[in-house]
Amino acid sequence: MELIEALESRADSLVDEAVELLEHRLVPPYKHVEPEVLQQRLGKSMTTLITALKKRNPLPVIEHGKRVAHARFNAGYQLEEIQTAFNALEETIWQFLVDEVDSDHLAEGLVMVAHLIGAIKDQLGRTYVELASHHHAPSINTSRLFAGPQGG
286 MELIEALESR
296 ADSLVDEAVE
306 LLEHRLVPPY
316 KHVEPEVLQQ
326 RLGKSMTTLI
336 TALKKRNPLP
346 VIEHGKRVAH
356 ARFNAGYQLE
366 EIQTAFNALE
376 ETIWQFLVDE
386 VDSDHLAEGL
396 VMVAHLIGAI
406 KDQLGRTYVE
416 LASHHHAPSI
426 NTSRLFAGPQ
436 GG
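Each position in the sequence shown, counted from 1, maps to that position plus 285 in my numbering.
Listed below in C-alpha coordinates is the structure:
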(Lines of atoms letter the chains of each structure in order from A and count residues from 1; the text may use other names and numbers.)
(Lines give C-alpha, C1' and ligand atoms only; values in the text may rest on other atoms or scores of the structure.)
Protein backbone atom coordinates (compact mmCIF):
# COMPACT_ATOMS: atom_id res chain seq x y z
CA MET A 1 0.00 0.00 0.00
CA GLU A 2 1.33 3.44 -0.90
CA LEU A 3 2.14 5.80 1.97
CA ILE A 4 -0.35 8.58 1.20
CA GLU A 5 -3.17 6.16 0.42
CA ALA A 6 -2.45 4.26 3.61
CA LEU A 7 -2.50 7.39 5.75
CA GLU A 8 -5.65 8.72 4.10
CA SER A 9 -7.49 5.45 4.58
CA ARG A 10 -6.65 5.26 8.28
CA ALA A 11 -6.37 8.95 9.21
CA ASP A 12 -9.36 8.98 11.58
CA SER A 13 -8.37 5.81 13.42
CA LEU A 14 -4.75 7.00 13.72
CA VAL A 15 -5.94 10.25 15.26
CA ASP A 16 -8.14 8.27 17.67
CA GLU A 17 -5.13 6.16 18.69
CA ALA A 18 -3.03 9.28 19.24
CA VAL A 19 -5.75 10.77 21.46
CA GLU A 20 -5.81 7.53 23.49
CA LEU A 21 -2.04 7.76 23.97
CA LEU A 22 -2.41 11.35 25.15
CA GLU A 23 -4.89 10.39 27.85
CA HIS A 24 -1.94 8.85 29.72
CA ARG A 25 0.70 11.44 28.89
CA LEU A 26 -0.84 14.87 29.30
CA VAL A 27 -0.78 16.95 32.44
CA PRO A 28 -3.06 19.86 33.37
CA PRO A 29 -4.10 22.18 31.82
CA TYR A 30 -3.87 20.28 28.53
CA LYS A 31 -5.20 17.13 30.19
CA HIS A 32 -8.48 18.95 30.71
CA VAL A 33 -9.00 19.48 26.98
CA GLU A 34 -11.95 17.39 25.83
CA PRO A 35 -11.01 14.33 23.73
CA GLU A 36 -13.23 15.65 20.91
CA VAL A 37 -11.19 18.86 20.82
CA LEU A 38 -7.94 16.88 20.76
CA GLN A 39 -9.36 14.75 17.93
CA GLN A 40 -10.24 17.87 15.98
CA ARG A 41 -6.81 19.43 16.53
CA LEU A 42 -4.86 16.28 15.71
CA GLY A 43 -7.18 15.63 12.77
CA LYS A 44 -6.24 19.01 11.34
CA SER A 45 -2.57 18.17 11.88
CA MET A 46 -3.02 14.82 10.11
CA THR A 47 -4.81 16.46 7.18
CA THR A 48 -2.03 19.03 6.90
CA LEU A 49 0.61 16.29 7.05
CA ILE A 50 -1.09 14.38 4.22
CA THR A 51 -1.34 17.59 2.18
CA ALA A 52 2.40 18.20 2.62
CA LEU A 53 3.13 14.61 1.58
CA LYS A 54 0.99 14.99 -1.54
CA LYS A 55 2.68 18.26 -2.48
CA ARG A 56 6.10 16.96 -1.43
CA ASN A 57 6.54 20.32 0.23
CA PRO A 58 6.96 21.09 3.95
CA LEU A 59 5.37 24.56 3.79
CA PRO A 60 1.86 23.42 4.78
CA VAL A 61 3.15 21.82 8.00
CA ILE A 62 5.46 24.75 8.77
CA GLU A 63 2.55 27.19 8.44
CA HIS A 64 0.39 24.85 10.52
CA GLY A 65 3.06 24.71 13.23
CA LYS A 66 3.18 28.49 13.36
CA ARG A 67 -0.62 28.80 13.65
CA VAL A 68 -0.75 26.14 16.38
CA ALA A 69 2.08 27.82 18.30
CA HIS A 70 0.37 31.23 18.24
CA ALA A 71 -2.97 29.80 19.33
CA ARG A 72 -1.59 27.61 22.13
CA PHE A 73 0.93 30.18 23.39
CA ASN A 74 -1.83 32.79 23.64
CA ALA A 75 -4.02 30.25 25.43
CA GLY A 76 -1.29 29.69 28.04
CA TYR A 77 -0.08 26.23 27.09
CA GLN A 78 3.52 25.16 27.54
CA LEU A 79 5.55 24.13 24.50
CA GLU A 80 6.17 20.69 26.02
CA GLU A 81 2.44 19.98 26.15
CA ILE A 82 1.98 20.77 22.49
CA GLN A 83 5.00 18.75 21.45
CA THR A 84 3.67 15.81 23.46
CA ALA A 85 0.57 15.82 21.26
CA PHE A 86 2.67 15.80 18.08
CA ASN A 87 4.88 13.05 19.51
CA ALA A 88 1.80 10.89 20.09
CA LEU A 89 0.64 11.46 16.53
CA GLU A 90 4.10 10.66 15.17
CA GLU A 91 4.37 7.50 17.27
CA THR A 92 0.98 6.30 16.09
CA ILE A 93 1.83 6.95 12.44
CA TRP A 94 5.20 5.21 12.73
CA GLN A 95 3.66 2.11 14.27
CA PHE A 96 1.02 2.04 11.54
CA LEU A 97 3.64 2.38 8.81
CA VAL A 98 5.75 -0.43 10.25
CA ASP A 99 2.69 -2.68 10.46
CA GLU A 100 0.94 -1.78 7.19
CA VAL A 101 3.23 -0.28 4.56
CA ASP A 102 5.18 -2.71 2.40
CA SER A 103 8.89 -2.84 3.03
CA ASP A 104 9.73 -1.30 -0.35
CA HIS A 105 8.19 2.00 0.76
CA LEU A 106 8.73 1.80 4.51
CA ALA A 107 12.08 3.59 4.83
CA GLU A 108 11.02 6.44 2.57
CA GLY A 109 7.71 6.75 4.43
CA LEU A 110 9.33 6.87 7.84
CA VAL A 111 11.84 9.49 6.68
CA MET A 112 9.16 11.68 5.12
CA VAL A 113 6.87 11.52 8.14
CA ALA A 114 9.75 12.18 10.55
CA HIS A 115 10.90 15.11 8.44
CA LEU A 116 7.45 16.71 8.29
CA ILE A 117 6.53 16.22 11.94
CA GLY A 118 10.03 17.39 12.84
CA ALA A 119 9.35 20.53 10.79
CA ILE A 120 6.14 21.12 12.74
CA LYS A 121 7.90 20.71 16.09
CA ASP A 122 10.79 22.89 14.97
CA GLN A 123 8.39 25.65 13.92
CA LEU A 124 6.51 25.31 17.21
CA GLY A 125 9.75 25.81 19.12
CA ARG A 126 10.89 28.75 17.01
CA THR A 127 7.53 30.48 17.29
CA TYR A 128 7.30 29.89 21.05
CA VAL A 129 10.77 31.41 21.54
CA GLU A 130 9.83 34.38 19.38
CA LEU A 131 6.56 34.94 21.24
CA ALA A 132 8.21 34.52 24.65
CA SER A 133 10.87 37.09 23.77
CA HIS A 134 8.11 39.70 23.34
CA HIS A 135 6.24 38.65 26.47
CA HIS A 136 7.20 40.28 29.76
CA ALA A 137 7.49 37.68 32.48
CA PRO A 138 7.17 38.81 36.10
CA SER A 139 10.40 38.87 38.06
CA ILE A 140 11.24 38.50 41.72
CA ASN A 141 12.19 41.62 43.64
CA THR A 142 15.39 40.56 45.40
CA SER A 143 16.29 43.96 46.92
CA ARG A 144 14.72 43.09 50.31
CA LEU A 145 16.45 39.73 50.33
CA PHE A 146 19.87 41.38 50.14
CA ALA A 147 19.02 44.39 52.36
CA GLY A 148 19.52 42.38 55.55
CA PRO A 149 17.26 41.89 58.55
CA GLN A 150 14.76 44.65 59.30
CA GLY A 151 14.02 45.88 62.79
CA GLY A 152 16.38 43.87 64.78
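Note that the Cβ used here is the ideal one computed from N, Cα and C, for glycine as well.
Because the structure is a prediction, the values reported are computed rather than measured.
Check whether residue i and residue j have beta carbons under 8 Å apart
i, j, result
"Leu409", "Val322", "no"
"Ile405", "Phe431", "no"
"Ala291", "Glu385", "yes"
"Leu306", "Ala373", "yes"
"Ile378", "Lys339", "no"
Span separating the alpha-carbon of residue i from that of residue j
i, j, result
"Gln368", "Lys351", "13 Å"
"Asp297", "Glu415", "33 Å"
"Met331", "Glu308", "18 Å"
"Arg341", "Glu365", "28 Å"
"Leu327", "His355", "16 Å"
"Ser294", "Pro320", "21 Å"
"Tyr362", "His317", "12 Å"
"Leu395", "His419", "36 Å"
"Asp407", "Tyr413", "10 Å"
"Asp389", "Leu382", "12 Å"
"Ile335", "Ala392", "17 Å"
"Arg411", "Gln380", "28 Å"
"Arg310", "Asp387", "30 Å"
Spatial neighbours of residue i in its chain, beta-carbon cut-off 7 Å, leaving aside the 5 residues before and after
i, result
"Ala337", "Pro343, Pro345, Val346 and Leu401"
"Ala417", "none"
"Glu287", "His390"
Beta-carbon contacts of residue i that lie in its chain and below 8 Å, excluding the five residues immediately before and after
i, result
"Glu375", "Val398, Ala399 and Ile402"
Own chain residues within Cβ distance below 6 Å of residue i, not counting five before or after
i, result
"Val300", "Gln324, Leu327, Gly328 and Met331"
"Thr438", "It is not possible to answer for residue 438, since the shown part of the chain is limited to 286 through 437."
"Arg357", "Ile367"
Practice problem: Tell me the start and end of each unbroken alpha helix (DSSP H) in the stretch 341-413 that is at least 4 residues and wholly inside, in chain order. | Solution: 344-359 and 364-385
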